[in-house]
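Notes for the one structure printed next.
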């Protein structure tokens, strides 16, 4: 096998050179969910070592952020985890608002919760479809993408964009949602529980799906914590921790929901936890719809938040503020903050260092898919090569957020 | 929004937050290892003497900050000390996050690896090594992670050219 410069070649372990073989999985392998390259050492069909090779999608987005005004960073964020776009926007906006000490109106906060949960459903629906497809249950993909399409239409209605929403801005939301938006969300969440039953009917009793997942990819709670695993895989390992409940942000403390936990710690547990999470998300969205407060969706901070189009074209002051924000940005007090939120994949975090100017001095993103790759070897060691595919599906990774 | 109380400086934090579990643990362990401290934006930052990071991490882990969440660096070029390392730790019990901060000089920045405390810091240390060129002594596999092996320079440093030919 030729070795282009810089590609690591994993040598078989000393003393096992005749018996072990090193194979390459990816970067263009359909089951790696993107451009992930795995160098796998196998003994027959049994996995001995896995070395994930990442960086194929590295764009230096953290460096790019340093050259932008604070408000220009928002559209960069939803390109990182493109399956959960509003969570990215939310996390970044919360971090900058913490530095600015901005008060966000209640309606904007509740809309943010509603949208973050829709975004989580979007992420989980894609996970379920692709995970089942990896295992061989091709049908489920068509069902989950049907509902995902509904969510994308809702995103389009509210933000004008299906995937790269950039709807949650510093200081609130980009604009008022359309008048029929809440009714449309209501219609969607009314039917979704039946649809989740439908997926469950297709998969939960399916003996092939069961056998491929049960007991596969075991990850103990101690290992999960040591390796930085978060989100549904952590809760499937029996650790009851969810930032939405335990370190609430954006008024999540006002919502009633359960945090599903399982002690089985295998791929099946991760499947069950995520399905239950989808049902809890539906509950949260219903509560947000029922109690949606009235009022503005933007903070009262004319020097930070862009004025409405209407005002900008009729009022001199609004026009000046608009011009100032767009051309010069706004200054953010010096300091450093870390804001964590629970996105579909786990704990996301934005670490922003400000030096008091209009551009961030340093933006660092903590994304859950990055550390979870370290746990891959622990989960796959001693198992069949085919189980690697099931494990990668069950940890739900997006390469955009790993490579950044 | 947030906590409006702010304490800047080691003395102020030690006095005002003496009952905070992380502050308590560090006082019991070795108060000299704490170079500076601050509490602002509702977040506690403890600046640790670089040589003491492994024991500090162990102390924090035993004090209840059991989850290593994040590690990254900041380049304060051209000021001195040039590099800052920020470790973020979360406590599942206290439901709280703290930040450990290290300051390193520009020449040959290096610090001991905390992979012996949290195996999960492996990728983060490789990322900082790759993009900032800070070495982590005792790391099991300190190689570039994002960029190709033959890449020249460390792009997240502030003196790295962002346009034109390198």
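Protein chains in written order, with the working numbering: chain A, 16 to 419; chain B, 220 to 385.
Built from N, CA and C at the ideal position, the CB exists for glycine as well.
| Query | Result |
| --- | --- |
| Host alpha helix (DSSP H) of residue 163 of chain A (start-end) | 154 to 174 |
| Where the region 290 to 308 of chain B meets chain A: residues whose CB sits under 7 Å from a CB there | 291, 293, 305, 307 |
| Bounding residues of the beta strand (DSSP E) (the contiguous stretch that carries residue 67 of chain A) | 61 to 68 |
| Within chain A, partners of residue 341 of chain B - CB distance below 8 Å | 389 |
| Given residue 284 of chain A as reference, the closest of A:234, A:346, A:258 once Cα atoms are compared | A:234 |
| Three-state secondary structure (DSSP) of residue 336 of chain A | helix |
| Distance between residue 410 of chain A and residue 47 of chain A (C-alpha atoms, nearest Å) | 11 Å |
| Cβ-Cβ distance between residue 122 of chain A and residue 309 of chain A below 8 Å | yes |
| Neighbour list for residue 241 of chain A in chain B, Cβ cutoff strictly below 7 Å | 337, 338, 339 |
| The beta strand (DSSP E) enclosing residue 353 of chain B, as first and last residue numbers | Looking at the DSSP string, residue 353 of chain B is not in any beta strand (DSSP E), and its letter there is neither H nor E. |
| Status (buried if at least 16 other CB within 10 Å, exposed otherwise) for residue 206 of chain A | exposed |
| Residue nearest to residue 354 of chain B in terms of C-alpha spacing, selected from B:339, B:323, B:369 | B:323 |
| Exposure of residue 287 of chain B, with buried meaning 16 or more beta-carbon neighbours within 10 Å | buried |
| Enclosing beta strand (DSSP E) for residue 369 of chain A [first to last residue] | 362 to 369 |
| Whole-Å CB distance - residue 270 of chain A paired with residue 128 of chain A, under 8 Å assumed | 7 Å |
| C-beta atoms of residue 317 of chain B and residue 308 of chain B nearer than 8 Å | yes |
| Ranges of the alpha helix (DSSP H) found wholly within the region 253 to 324 of chain B, counting only runs of at least 4 | 272 to 281 |
| Chain A contacts made by the region 359 to 377 of chain B, where a contact means CB separation under 7 Å | 364, 365, 366, 367, 368, 369, 374, 375 |
| Alpha-carbon spacing of residue 107 of chain A relative to residue 262 of chain A, whole angstroms | 16 Å |
| Cross-strand partners of residue 351 of chain A (DSSP beta bridge) | A:368 |
| Proximity test, Cβ basis, 8 Å: residue 351 of chain B and chain A | no |
| Minimum Cβ-Cβ distance from residue 316 of chain B to chain A less than 8 Å | yes |
| Euclidean distance between Cα positions of residue 252 of chain A and residue 168 of chain A | 35 Å |
| Contacting residues, own chain, Cβ-Cβ under 6 Å from residue 360 of chain A (five flanking each side not counted) | 246, 383, 384, 411 |
| Bridge-paired residues (DSSP) for residue 242 of chain B | Residue 242 of chain B pairs with nothing; no bridge assigned. |
| Cross-chain neighbours of residue 287 of chain B in chain A, by beta carbon under 7 Å | 243 |
| Distance, residue 245 of chain B Cα to residue 220 of chain B Cα | In this prediction, residue 220 of chain B has a pLDDT of 41, which is less than 50 and means its spatial position is unreliable; nothing more can be read from the coordinates. |
| Minimum C-alpha distance to residue 311 of chain B - residue among A:145, A:239, A:37, A:81 | A:239 |
| Pairwise C-alpha distance: residue 266 of chain B and residue 236 of chain B | 15 Å |
| Buried versus exposed, by CB contacts within 10 Å (16 or more), residue 21 of chain A | Its pLDDT being 43, under 50, residue 21 of chain A is placed unreliably in this model, and the coordinates cannot settle the point. |
| Exposure of residue 104 of chain A, with buried meaning 16 or more beta-carbon neighbours within 10 Å | buried |
| Where residue 386 of chain A meets chain B, residues with beta-carbon distance less than 7 Å | 339, 342 |
| Under 8 Å between C-beta atoms of residue 345 of chain B and residue 361 of chain B | yes |
| Closest residue to residue 472 of chain A among A:198, A:55, A:158 (Cα-Cα distance) | Past the edges of chain A, shown from 16 to 419, lies residue 472 of chain A, and the structure says nothing about it. |
| Same chain, Cβ closer than 6 Å to residue 111 of chain A, five either side skipped, listed in chain order | 85, 185 |
| Best match in B:247, B:241, B:356, B:298 for proximity to residue 256 of chain B [C-alpha to C-alpha] | B:241 |
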